[in-house]
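Student: In our numbering, the protein residues as written are -9 to 362.
1) Got a sec, what are the start and stop residues for the alpha helix (DSSP H) residue 142 sits in?
2) I'd like the ranges of any alpha helix (DSSP H) spanning at least 4 consecutive residues and lying wholly in the region 225 to 280.
3) Is it a yes or a no for the region 258 to 269 touching the region 73 to 83, going by three-plus beta-carbon pairs under 8 Å?
4) If you follow the alpha helix (DSSP H) that residue 119 is in, where does it begin and where does it stop?
5) Does the Cβ of residue 116 have 16 or more other Cβ atoms within 10 Å, making it buried, or fewer, making it exposed?
6) Residue 42 and residue 138 look like a contact to me (Cβ under 8 Å); what is the Cβ gap, rounded to whole Å?
7) Just to confirm the assignment, what range does the alpha helix (DSSP H) spanning residue 42 have?
8) Does residue 52 come out as helix, strand or coil in the three-state DSSP assignment?
9) Could you check the C-alpha separation between residue 218 and residue 232 for me, to the nearest Å?
10) Among all the DSSP beta bridges, which residues are the ones paired with residue 283?
11) Per DSSP, which residues does residue 137 bridge with? Please list them.
12) What did DSSP end up calling residue 160 once you bin it into helix, strand or coil?
13) What does a CB cutoff of less than 6 Å around residue 13 pick up in its chain, not counting 5 residues either side in sequence?
14) If we count the other Cβ atoms within 10 Å of its Cβ and call it buried at 16 or more, is residue 106 buried or exposed?
15) For residue 249, count neighbouring Cβ atoms within 10 angstroms of its own Cβ and tell me buried if that reaches 16, exposed if not.
16) Between 271, 295, 237, 289, which lies nearest to residue 9 when the distance is taken from Cα to Cα?
17) Take residue 275 as the anchor and find which of 40, 124, 198, 261 has the nearest alpha-carbon.
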């Protein structure tokens, strides 16, 4: 009887987790309509997953952060998992980056015309499918999977690991982000963590650049805590995290089953924290509006090529204070550390040649403490 009871208990847990996940068939159907314009699939074994943090106020518990008037992508990260699963690169895409948004089908079935606009408008124009197509057009990297999580899902994940440790060099008092904390070391709960990663004008220089650096710092600390606590190796500790992660998760059908999602998580468990890299796409002030961003070239194209071809991305650590500029930074602290050295003249291989260094980008790894 005990064995039968355990079996029913395990099935109930599985059924709960499986029922948490929202399967997004509509996105796949929309992407299939535009298959001819999409980049080629990733190198065999490599995966590119688009992580979208939605700022929707709709849904249980989200209304406290504002009135539901549509939604935009508050945070978008392209996560590249190397084919050998020895490294991962998380590239943030600024919400204010000016991009070419393709003509997208809206939720009412009508088409929004193609336009140049801020990146986060793609989500409000055509949801996840439009965001994926915009990312693919920008980077020429094919998005293999996508995951969308809202405020409540983020908070539950932090609470499931008993909070995340961060250090503040200045106090936070941000009414918009619903967070107030003194300077010093803190272990933030879910509500405080959400405020920390959403705060903008009350911290650092008030820019979205600074906010993204803080988000990356926080995610690195979260990854490090999950790995250091052995969560991925302990089913008893993994269940609360999976329950929290799936509670507000919308994803593509290929990873919408608990088995597929669990296999994906397990495939990442052996990636060393020092090989989990966080950076932002190289950008600078937009020529038409200094409050918007544009890509820095050729740095951005070099980064996209490395990810597309599953090549290592080298980073130079930025200071722990995300508002401090990196000594090797471009105008926004995300470009290559130094220009490539010239190669030898053609026809004289090996004679007086200077090695061309790999491009290096400003960023941090999950191994870097949030309190350094």
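Note that the Cβ used here is the ideal one computed from N, Cα and C, for glycine as well. Bear in mind the structure is a predicted one, so any value in this text is a computation, not a measurement.
Tutor: Judging by the given coordinates:
1) Along the chain shown, one-based indexing puts residue 142 at 152. Residue 142: member of the alpha helix (DSSP H) spanning 141 to 150, first to last residue.
2) 225 to 236, 248 to 257
3) yes
4) Translated into positions along the chain shown, residue 119 becomes position 129. From DSSP, the alpha helix (DSSP H) with residue 119 extends over 111 to 129.
5) Locating residue 116 in the chain shown gives position 126, counting from the first residue. Buried, since its Cβ has 16 or more Cβ neighbours within 10 Å.
6) On the chain shown, residue 42 is found 52 positions in, with the first residue counted as 1. On the chain shown, residue 138 is found 148 positions in, with the first residue counted as 1. Contact flag correct, Cβ pair sits at about 4 Å.
7) Taking the chain shown and counting its residues from 1, the one referred to as residue 42 is at position 52. Careful: residue 42 lies outside any alpha helix (DSSP H), inside the beta strand (DSSP E) at 37 to 44.
8) Position 62 of the chain shown, counting from 1, holds the residue named residue 52. Confidence at residue 52 is low in this model, with a pLDDT of 42, below 50, so the placement of that residue is unreliable and no value is reported for it.
9) As a working mapping, residue 218 is identified with position 228 in the chain shown. As a working mapping, residue 232 is identified with position 242 in the chain shown. Residue 218 and residue 232: Cα-Cα distance of roughly 17 Å.
10) Here residue 283 refers to the residue found at position 293 of the chain shown. For residue 283, which the question treats as bridged, DSSP gives the partners 87, 275.
11) Here the question's residue 137 lines up with position 147 in the chain shown. The partner list for residue 137 (beta bridge, DSSP) reads 41, 241.
12) Working through the chain shown from its first residue, we reach residue 160 at position 170. Shown here, residue 160 sits in coil according to DSSP, grouped into three states, outside any helix or strand.
13) The residue given as residue 13 occupies position 23 in the chain shown. Counting only residues of its own chain and dropping the five nearest sequence neighbours on each side, residue 13 has a CB closer than 6 Å to the CB of 243, 246.
14) Looking up residue 106 in the chain shown gives position 116. Exposed, since its Cβ has fewer than 16 Cβ neighbours within 10 Å.
15) One-based indexing of the chain shown puts residue 249 at position 259. Per the 10 Å Cβ criterion, exposed.
16) Against the chain shown, residue 9 aligns to sequence position 19. That would be 237, whose Cα lies nearest to the Cα of residue 9.
17) For the purposes of this step, residue 275 is taken as residue 285 along the chain shown, with counting starting at 1. Considering only alpha carbons, the answer is 198.
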